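Numbering follows my numbering, with no gaps: position 255 of the sequence shown is 394.
Let me begin by presenting the structure, written as structure tokens, before commenting on it.
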Amino acid sequence: MSAYVIGVDVGGTFTDVFVWDEAEGRVTTTKVPSTRGDQSKGFIEGIGQLVATFGDIRTVVHGTTVGTNALLERKGARTGIVTTTGFRDVLEMRRRDRPTTWGLRGAYTPVVDRPDRREVAERVLADGTVMEKVSPDAVKAEAQALREAGCEALCVFFVNGYANAENERIAVEAVRSVWPNAYVTAATEILPEIREFERLSTATLNAYLQPVVSSYLDRLESGLDAQGFAGQVLIVQSNGGVMSVGSAKRTPVRTALSGPAAGVIAAQAIATAAGVENIVTCDMGGTSFDVSLVAGGTPALAPQTAIDFGLVVRSPMIEITTIGAGGGSIATVDASGLLRVGPESAGSDPGPVCYGLGNDRPTVTDANLVLGRINPDRPIGGKLDRLDIDAARAAIARDVAEPLGISVEAAAEAILALANAKMAGAIRLVSIEKGHDPAKFSAMPFGGGGSLHTGALIKDVGLRSALVPRFPGVTSALGCVVADMRHDRVQTVNRLLPEIDAGALGAEMAQAADETEALVLASGTTFDRIDRAYEFDMLYLGQTHTVAVPVEMGEGLTREAMQAAFDAAYRTAFGRLLEGIPMRVMNYRVTVIGRRPAFDMALFAPEGGVGAAEARTGTRRVWAEGAWHEAGIYDRLSLATGEAIAGPAILEQPDTTIFVDPGLTARVDRFGNLVIERTA
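Structure (structure tokens):
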């Protein structure tokens, strides 16, 4: 009997499904168009194409963009804030930054309007002393007023709650006693960390997303139940781990970069199995291009990110840089005669001109089609029977070629060159600007369109090679299957190192780890093992930016061990220590990771396979480097291990198309990946 583990990643254009049959040791994949308005419909439809009986499914792991889209489109719930007197405008003041740094003005509208930000009298000092106790009746009155004004969710934030959460706890209990639903967020429950703006922003966005994400997950669970599903649903977090549906409903802000994070986790697993330590992930979908760095086999984690200007989320997240350069990015010639590509996108609906669904402005996908890199008779995703190449040519001719006075082919190549330049810039941002040499890294393209641009990125950035996964179009869905369960916890300490009772602090951290591990175990998921990691945020007295200092708890924590760990971390970061200056411990962080059963990447290895000559299905004219070439077309999935194909060549498979540029060679490794390198 089959026992399925399924990963589902919902993007702006396609919903990707990855099915692992544990009993048979077999994987299958599919892509279906995402369903706007209710992603759960495309989700269930995609699974239904590969699994006949939902009762055979053991686990479904989901990477979702519901939270991301709600933030970017400002479509969260109307939210109220109850805060300390004098602090209602923290969201607007931010860090005194503005959208356009050098402009004379910069408009910004927070997600909560000023009338919905209410104040109550209370005060906790920075050392945790309660100077003025909060009145539950005053809190209830403000909550009732916000409810009557139409607020659906509410956030309680008191300025020094991280030092002592007692007033905030009293206020939250008062709110929950009169609030009609469960959408009440306490800032200290989400982030008990110093710095009021980051704490309020994160907690407010959590409240803002709760009704949207919770209702979506309710619809998803109901839809799965209606199909006879009786297994477990897990949700991918922005830190690359997974959590239960209940946790996702309580803390939806931790799903803000759910889908992109899943892709990075899959890329890390694929590269590690293939023996490649350093990769740059390149996730290209219909709307965006996401880039992340994995150095030494470890993804880069950022302590916070801004989903959009002013929408700051302070929570560990895989560091991902996103630009508007997807397959649906629209190409235009502006009033000054300059070609522009993106950030405006046609998305999946109406999509590129070649979809024939109403858009008449050319996109990156249209350019790839006109230059012969996409087969018009084999569109991915099952949405269309054929792509309209004539319409794509006409759109490029009208909007780009004629205004610039060049041929259609030159115009299409210019569109791709500009899109590639934007992608190369994003790769340089995460590599060269962080002190990494691109020549030591391999690109890992995935998403529906990433593999069409690999060769250009190798040449433009100077990358060593590219490693194209077996199923690049559904890599993020694979990431859902291989991701471990992870929960992070932070608490502000804010004391000088000599003032700290290290033994007591170590015991407090161990207790926090016990509580976090209980949360992991409560999910009911099977783990091979559970790991714990401990870390401090430390700095020298007078500094404002901290250094991450990992420590080993061992048989206990000592001040000497903390100082030695800080010295090592600071020297690694800056090359020297600052003698004679006291050290401050700002926060401690506890991470608990439940390691899920390992996925064997050897399942992707070609079974048998054929030689390049047998896998060749024909030829097609392809425009590259200013001229037409006769490129061989190959069935990628039928190629045997060790087979090599010199460019220009096109490798086709159901979930993507891979273009091997002139001067490059693609070789199949033992896991079914394609290694693309410069031809010797």
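C-beta atoms are modelled at their ideal positions from N, C-alpha and C, and glycine is treated no differently.
Quick caveat: nothing in here was measured; it's all calculated off a predicted structure.
- May I ask which residues mark the beginning and end of the alpha helix (DSSP H) holding residue 529? From DSSP, the alpha helix (DSSP H) with residue 529 extends over 528-535.
- Item | Contiguous alpha helix (DSSP H) assignments of at least 4 residues, all confined to the segment 603-634 | Under the rule that a run must span 4 or more residues, the alpha helix (DSSP H) segments found entirely inside the segment 603-634 read 614-621.
- Chain-order list of residues whose beta-carbon lies under 7 Å from that of residue 645 (same chain, five-residue window excluded): Correct list, in chain order: 692, 695 and 696.
- Considering only residues of the segment 414-446, which uninterrupted beta strand (DSSP E) runs meet the minimum length of 3 residues and lie entirely inside it, listed in chain order? The segment 414-446 contains these whole beta strand (DSSP E) runs: 418-423 and 428-434.
- Task: Taking 9 Å as the cut-off, decide whether the C-beta atoms of residue 158 and residue 337 are in contact.
- Result: In this structure, residue 158 lies away from residue 337, with their beta-carbon atoms at least 9 Å apart.
- With a floor of 4 residues, list each alpha helix (DSSP H) that falls wholly inside the segment 692-746, ordered by position along the chain. Unbroken alpha helix (DSSP H) runs of no fewer than 4 residues, entirely contained in the segment 692-746, are found at 698-713, following chain order.
- Distance, residue 658 Cα to residue 596 Cα: C-alpha separation (whole angstroms): 43 Å.
- Taking all protein chains shown into account, decide if residue 140 is buried (16 or more other Cβ within 10 angstroms of its Cβ) or exposed. Legend: pLDDT at residue 140 = 48, less than 50; position of this residue unreliable, no value from coordinates given.
- Query: Rounded to a whole number of angstroms, what is the C-alpha to C-alpha distance between residue 735 and residue 623?
  - Reply: Cα to Cα, residue 735 sits roughly 5 Å from residue 623.
- Item | Per-residue burial, residue 230 [other beta carbons within 10 Å of its own, 16 or more giving buried] | When all chains shown are included, residue 230 counts as buried.
- Query: Is the segment 419-431 close to the segment 564-574, with three or more CB pairs under 8 Å?
  - Reply: Output reads yes: the segment 564-574 touches the segment 419-431.
- Item | Boundaries of the beta strand (DSSP E) in which residue 341 is found, first to last residue | No beta strand (DSSP E) contains residue 341, which is instead part of the alpha helix (DSSP H) from 335-365.
- Query: Does the Cβ-Cβ distance between residue 587 and residue 800 come in under 9 Å?
  - Reply: The Cβ-Cβ distance between residue 587 and residue 800 does not fall below 9 Å.
- Thinking residue 432 and residue 570 are a contact (beta carbons under 8 Å), I'd like their distance in whole angstroms, please. Indeed, because the Cβ distance is near 6 Å, the residues count as touching under 8 Å.
- Query: In or out: residue 810 buried (at least 16 other Cβ within 10 Å) or exposed?
  - Reply: With 16 or more other Cβ atoms within 10 Å, it is buried.
- Pick from 324, 332, 333 and 334: whose alpha carbon is nearest that of residue 342? If we check each option's Cα against that of residue 342, 324 comes out closest.
- Item | Bounding residues of the alpha helix (DSSP H) (the contiguous stretch that carries residue 145) | From DSSP, residue 145 is part of no alpha helix (DSSP H) but of the beta strand (DSSP E) over 143-149.
- Query: Do you know offhand how far residue 648's Cα is from residue 726's?
  - Reply: Between residue 648 and residue 726, the C-alpha separation is close to 11 Å.
- Query: At what residues does the alpha helix (DSSP H) containing residue 182 begin and finish?
  - Reply: That run of the alpha helix (DSSP H) goes 178-189.
- Message: Taking the straight line between their C-alpha atoms, what separation do you get for residue 282 and residue 302?
- Response: Near 24 Å, if we compare the C-alpha coordinates of residue 302 and residue 282.
- Query: Which class does residue 251 belong to by DSSP, given the choice of helix, strand or coil?
  - Reply: Residue state, collapsed to three classes: coil.
- Assess, as a yes-or-no matter, whether the segment 758-767 is touched by the segment 573-583 under the definition of 3 or more beta carbon pairs within less than 8 Å. No, the segment 573-583 is not in contact with the segment 758-767.
- Please name the residue or residues paired with residue 582 in a DSSP beta bridge. According to DSSP, residue pairing for residue 582 in a beta bridge involves 419 and 605.
- Message: For residue 612 and residue 199, what's the separation of their Cα atoms in angstroms?
- Response: If you take the alpha carbons of residue 612 and residue 199, they lie about 19 Å apart.
- Tell me whether the beta-carbon of residue 348 lies closer than 9 Å to the beta-carbon of residue 209. Their beta carbons are under 9 Å apart, which means residue 348 touches residue 209 by this criterion.
- Query: Within the 9 Å Cβ cut-off, does residue 738 reach chain D?
  - Reply: Any reference to chain D falls outside this structure, which holds one protein chain only.
- Query: How is residue 518 classed by DSSP in three states: helix, strand or coil?
  - Reply: Correct three-state label for residue 518: coil.
- On the three-state DSSP scale, how would you describe residue 823? Nothing about residue 823 can be reported from this structure: the residues present for the chain run from 140 to 819 only.
- Task: Tell me whether the beta-carbon of residue 459 lies closer than 9 Å to the beta-carbon of residue 621.
- Result: Not in contact: residue 459 and residue 621 (Cβ atoms no closer than 9 Å).
- Message: Below 8 Å, is the gap between the Cβ of residue 716 and the nearest heavy atom of the ligand MG?
- Response: By its list of ligands, the structure shown contains no ligand whatsoever, and the ligand MG lies outside what it can speak to.
- Endpoints, the beta strand (DSSP E) within which residue 803 is located: Element bounds for residue 803: 803-807.
- Bridge-paired residues (DSSP) for residue 397: DSSP lists no partner for residue 397.
- Query: Secondary structure at residue 301, three-state DSSP: helix, strand or coil?
  - Reply: Reduced to three states, the DSSP call for residue 301 is coil.
- Query: Which residue from 500, 689 and 473 puts its Cα closest to that of residue 467?
  - Reply: Of all alpha-carbon atoms in 500, 689 and 473, the one lying nearest the alpha-carbon of residue 467 is that of 500.
- Item | residue 165: first and last residue of the uninterrupted beta strand (DSSP E) it sits in | Boundaries of the beta strand (DSSP E) around residue 165: 165-172.
- Using CA coordinates, which residue listed in 730, 767, 454 and 762 is at the minimum distance from residue 333? Closest option to residue 333, Cα to Cα, is 454.
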